[in-house]
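S.K.: Sharing a structure below in structure tokens format, with a few things to ask.
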Amino acid sequence: MAPETVYDALLSHEAMALFESSGGGVFTPLAALPAWCDLLWQTRGERFVRLSEKSPFLENFLLEAEQFWTSRAPGARNSGYWVEQDSSGNEFPLEASALWLARKPVLLIRHLPGAFQEQQQVFQSARDALLTHERLVRETEKKEILLHCIIHDLSQPLTSMRSCFELLLGTQLAPDAAKFAMTGRRESQRQERMIRGLLEAFAADLAGQQSPSQGQALSADLISCARRSVEQFAPAFTERGIRLVLAPYWDFATGARVVGDAPRVDRIFGNLLDNALRYSPKGSTVTVGLEDGGATLRAFVDDEGPGLPKDSSRADLFALFGQGKDRPGKVGLGLYFCKMTVERWGGEIGAENRAEGGSRFWFRLPRAAREASQSPASPRVAKAPAVPVSLDAGTKPIVKRLRIVVADDDEISRDLVIETLRARGHSVTGVGDGAAAVAAFDRLKPEVLLVDQHMPEMDGLDVARAIRQKEKRSGAARAVLIGWSGNSSAEDERRAKEAGMDALVGKPFEPSTLFQLIEQPVPAFQPETVSSVAAPPEDLRTHLARMTAGNDKLARKLVTGFLADFPRRLSTIERAVSSKDADELASAAHSLRGAFSIFDAQKSVVAARNLEAMGRGRRFEGATEEFRALSDDLSRLERELRALFPQLSSPTKSQLRRSRSRPGRKR
Amino acid sequence: MLGSFSVGKTSLVRRFVESIFDEKYHTTIGVKVDKKVVPVDRQEVALILWDIHGEDVFQKMRMTYLRGMSGYLLVIDPTRRQTLEDALALQARVQETMGPLPWILVLNKCDRIAEWDIDLERIRSFERSGQAVVRTSAKTGEGVEETFSRLAQAMLHSPC
């Protein structure tokens, strides 16, 4: 029978089942029920339906519906979607609503496959995207940790090598030997910068943080980079019987500045030359050249080797961990780094076989805007390469006695710096926290402030901001503000610069570096010129003498302070591990690391760093083992220090107790 | 079945009720109710399983769904550490609304244990405190039957 009114049509709609509540859990169909009702609940022929017995979901919802009908509230009460299954396993997405219709308490059940499917698709896409995001974040974290481990491992021997060259240059050397030592020092410094640059490049790539616009602010002289790279690689090529030449055409009337920064452009040339060196036969020639492309400059490295394999694609050549087919290769990072860096600067990289034989590797970079190359804010690395740190700086007499404030909550680190600077002839005041540093700035008007980055309440960045504001308000001369930190990543440097610091150095650092830094004007924030110097692998006595510039009294004071202090700090860490106090663990491990970093205790540094990371990440898995490693290595250090200074008395039991019972500072 | 989205609640139910597993993730909208009879202490118990959608920014769980509940499985995906935090926050809300009921913390996806990213020491401390914790894999079926049976037994013997 055809429906007579819209109401009848609505009631006979297949999507809806309409019931009137008759009370006591009994429902009366208001119209013929759709087929799915019978499929799900076998309602055929039933004049009264006990819905709560048909479906556990409805049993639950009807309690809510009864409340709604009793309250006579306006509107409707909806159940939200639920899915019922018939005996064949077919699924029916349904939604129930309790409402008042023509003064009757009515239950409307709708079968909504279309709307349900639409919502499911939307949520599915959104949740898939969330899962992908979570996975990428986890992978990024893992890669960053791995990279930091690699960089750390690579840096350790390198800084030792550099320190050895420094020490060599501090002795009387024959002219030839001095030349070799200087070359070694220059190259190890260069490599350190490259490692740092590589880490930054990878970190930026992984995080996707560096936008092309940031790259636009950089500029490098492509000619200088090419020339420097050729000079650097010439000996290696000569040794292998390969000629390395610069193409004759170089003189671009418009200059050769491109978007990019010089150390990384050097690195790109270096990787391409390294590649050419590996594949070039003896007696062949490798040519480095440039071509003017108008808005871009193209650099190339031509070799006379076997050329690229026929089946190789650009994607394969420049892929991460891609290695040459049947060729001697490394891990496959070099060309990937080149591609990633060039593309970030808006350039392009490629390789092709030359008609005359051999291959050409090239990269193209946009020309830098004139103002970019002249901007005082642009990094100075291209114009002024890093100043080599020399022991000479520590032995030259001071030109001016400086008023210096040293702020560090770690007593041992603070004393080391204070004593070193006083021995040098400066007037030094030490303070233990950020607020005291600002107060000392007001009171003493120092020319230089050395501020630890991580202090409780008011950290180094807060201090820098406060001092720069005060200077601005009063019109006072700008003090030199130097931050120091156990972690000096690119991000730390950026934040330090933003806060108004002139430089950021890593702990520990050598006296010569410190003197050079504070006794020469610091023109602009330039972390590469002031990078920290890790201790070389030497015996503890030599190391301590070097770190204290030969001041035995200071060394003794530092050792005494450390021996008295470290049991308490260790015990704080132990307590934090056992009570799973993440904040306390991070704070105590950080603090302890600062205390013993001057003793060249690498194992302890690693263990404390791991514990600090665990605290920051609120993860305690493996913390007990790390603590044990830390405790064992510090026991070894204690034995060695006591052997060095046998006149230092062993702590009495009561001293130890007192030391252990002092509460640890909380950051 | 309670827990965040994509931890495997629906997969566990399907494995338990229908003995099937689908590798592809199908998000649950609303609620799906299933039933399975299990033997507990020489008697047959009908378990009515409410597979409730996972909580996230798009869907919040209606606490009215929990009315009449006798116990619950709190499912997490140990390869996603946040699912543990979310599950524990949800458990606190459930306990506040429903009072103390038998529940089991289910560490699903134990076939991917190499990818687990949760603090196992924390899990061990739950176990030491007497909280029931099980490891399951809807994919392989490991621990699934036992988990539902254990919950059924706990519910049957619960004074709540």
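In the order they appear, the protein sequences are chains A and B.
Heads up: the first sequence begins at 1 in this note's numbering, then just goes up one per residue.
Heads up: the second sequence begins at 1001 in this note's numbering, then just goes up one per residue.
Just so you know, even glycine gets a beta-carbon here, dropped at the ideal spot from N, CA and C.
Just so we're clear, the structure is a prediction, and the values are computed from it rather than from any experiment.
Residues in the same chain with beta-carbon distance under 7 Å from A607 (chain A), minus the five sequence neighbours each way, listed in chain order, please.
M.R.: Correct list, in chain order: E626, A629, L630 and D633.
S.K.: Specify whether the stretch 1006-1020 of chain B and the stretch 1137-1157 of chain B touch according to this definition: at least 3 beta carbon pairs, one from each stretch, less than 8 Å apart.
M.R.: Cβ pair count under 8 Å is three or more, so yes.
S.K.: Is the stretch 399-417 of chain A touching the stretch 257-271 of chain A in the sense that three or more CB pairs, one from each, lie closer than 8 Å?
M.R.: Verdict: no, contact absent.
S.K.: With 16 as the cutoff for other CB atoms within 10 Å, does P446 (chain A) come out buried or exposed?
M.R.: Classification of P446 (chain A): buried, given that the 10 Å Cβ count is 16 or more.
S.K.: Verify whether the separation of the beta carbon atoms of I1118 (chain B) and P1159 (chain B) is less than 7 Å.
M.R.: No. Outside cutoff.
S.K.: Per the contact definition of three or more C-beta pairs closer than 8 Å, is the stretch 110-124 of chain A in contact with the stretch 132-146 of chain A?
M.R.: Verdict: no, contact absent.
S.K.: List, in order along the chain, the chain A residues whose C-beta lies closer than 8 Å to that of Y1065 (chain B)?
M.R.: Within chain A, the residues near Y1065 (chain B) are N60.
S.K.: Determine the direct distance from the alpha carbon of E1096 (chain B) to that of Y1072 (chain B), and round the result to whole angstroms.
M.R.: If you take the alpha carbons of Y1072 (chain B) and E1096 (chain B), they lie about 14 Å apart.
S.K.: Quick check on this structure: which residue in A:M194, A:V265 and A:R193 has the alpha carbon closest to the alpha carbon of S219 (chain A)?
M.R.: The residue with the shortest Cα to Cα distance from S219 (chain A) is A:V265.
S.K.: Could you pull out every residue in the same chain whose Cβ sits closer than 6 Å to the Cβ of G671 (chain A), ignoring the five residues on either side in sequence?
M.R.: Absent from the model: residue 671 (chain A). The displayed extent of chain A is 1 to 667, so no value can be given.
S.K.: Should L101 (chain A) be labelled buried (16 or more other beta-carbon atoms within 10 Å of its own) or exposed?
M.R.: Classification for L101 (chain A): exposed.
S.K.: Is L39 (chain A) near D86 (chain A), with beta carbons less than 7 Å apart?
M.R.: Yes, these two residues count as a Cβ contact at 7 Å.
S.K.: Can you tell me where the alpha helix (DSSP H) with A476 (chain A) in it begins and where it stops?
M.R.: Where A476 (chain A) is concerned, there is no enclosing alpha helix (DSSP H), given that its DSSP letter is neither H nor E.
S.K.: How many Å lie between R495 (chain A) and F1058 (chain B) at the Cα?
M.R.: If you take the alpha carbons of R495 (chain A) and F1058 (chain B), they lie about 36 Å apart.
S.K.: In whole angstroms, give me the CA-to-CA distance for T420 (chain A) and G430 (chain A).
M.R.: Each residue's alpha carbon lies about 12 Å from the other.
S.K.: Using the C-alpha atoms, what's the distance from A1154 (chain B) back to S1125 (chain B)?
M.R.: Each residue's alpha carbon lies about 21 Å from the other.
S.K.: For W362 (chain A) versus R298 (chain A), is the C-beta spacing smaller than 7 Å?
M.R.: Yes; because the gap between Cβ atoms is below 7 Å, this pair is in contact.
S.K.: Using 8 Å for Cβ pairs, my map puts V1106 (chain B) next to T1064 (chain B). What's the rounded Cβ distance?
M.R.: Their Cβ separation, rounded to whole angstroms, is 23 Å, which puts V1106 (chain B) and T1064 (chain B) out of contact at 8 Å.
S.K.: Report the residues of the stretch 70-83 of chain A with a CB closer than 8 Å to any CB of chain B, ordered along the chain.
M.R.: From the stretch 70-83 of chain A, only G80, Y81, W82 and V83 have a Cβ closer than 8 Å to chain B.
S.K.: Within the same chain, show all residues whose beta-carbon is closer than 7 Å to that of F645 (chain A), passing over the 5 residues directly before and after it, in chain order.
M.R.: The residues are R556 and V559.
S.K.: How about G358 (chain A) and D303 (chain A): do their beta carbons lie closer than 7 Å?
M.R.: Taking 7 Å as the Cβ cut-off, G358 (chain A) and D303 (chain A) qualify as a contacting pair.
S.K.: Quick one, which of A:D221, A:S224, A:T287 and A:L317 has its alpha-carbon nearest F237 (chain A)'s?
M.R.: It is A:T287 whose Cα lies nearest to the Cα of F237 (chain A).
S.K.: How is the alpha helix (DSSP H) around N561 (chain A) delimited, first residue to last?
M.R.: The sequence as given places Gly at residue 561 (chain A); Asn does not occur at that position. G561 (chain A) -> alpha helix (DSSP H) spans D552 to S579.
S.K.: Just the C-alpha distance for N1108 (chain B) and E1115 (chain B), rounded to the nearest angstrom, thanks.
M.R.: If you take the alpha carbons of N1108 (chain B) and E1115 (chain B), they lie about 12 Å apart.
S.K.: Mind checking if R619 (chain A) is an interface residue toward chain B, Cβ cutoff 7 Å exclusive?
M.R.: Yes, contact with chain B.
S.K.: For V428 (chain A), which residues from the same chain have a beta carbon less than 7 Å from its beta carbon, with the 5 sequence-adjacent residues on both sides left out?
M.R.: Answer for V428 (chain A): I404, V406, I418, L421 and R422, listed in chain order.
S.K.: Quick one: does I1048 (chain B) have its CB under 7 Å from some CB of chain A?
M.R.: Yes, I1048 (chain B) lies at the interface with chain A (some Cβ there is under 7 Å from its Cβ).
S.K.: Give a yes or no on whether 7 Å exceeds the smallest Cβ distance from I1029 (chain B) to chain A.
M.R.: Answer yes: the Cβ-Cβ gap between I1029 (chain B) and chain A drops below 7 Å somewhere.
S.K.: According to DSSP, is P93 (chain A) part of a helix, a strand, or is it coil?
M.R.: In the structure shown, P93 (chain A) sits in a strand (DSSP, three-state: E or B).
S.K.: For P1039 (chain B), which three-state DSSP category applies?
M.R.: DSSP places P1039 (chain B) in strand when its eight states are reduced to three.
S.K.: According to the Cβ coordinates, are D1056 (chain B) and F1005 (chain B) closer than 7 Å?
M.R.: Contact flag set, yes.
S.K.: Taking 7 Å as the CB-CB limit, is R127 (chain A) close to chain B?
M.R.: At least one chain B Cβ lies under 7 Å of R127 (chain A).
S.K.: Nearest to L308 (chain A) by alpha carbon, out of A:G350, A:M340, A:K282 and A:A262?
M.R.: Of the listed residues, the one whose Cα sits closest to L308 (chain A) is A:G350.
S.K.: Relative to the C-alpha of G293 (chain A), which candidate in A:E348, A:L335, A:E343 and A:C338 has its C-alpha closest?
M.R.: Minimum Cα distance to G293 (chain A) is reached at A:E348.
S.K.: Taking 7 Å as the threshold (beta carbon to beta carbon), is E626 (chain A) in contact with chain B?
M.R.: No, E626 (chain A) lies away from the interface with chain B (no Cβ there is under 7 Å from its Cβ).
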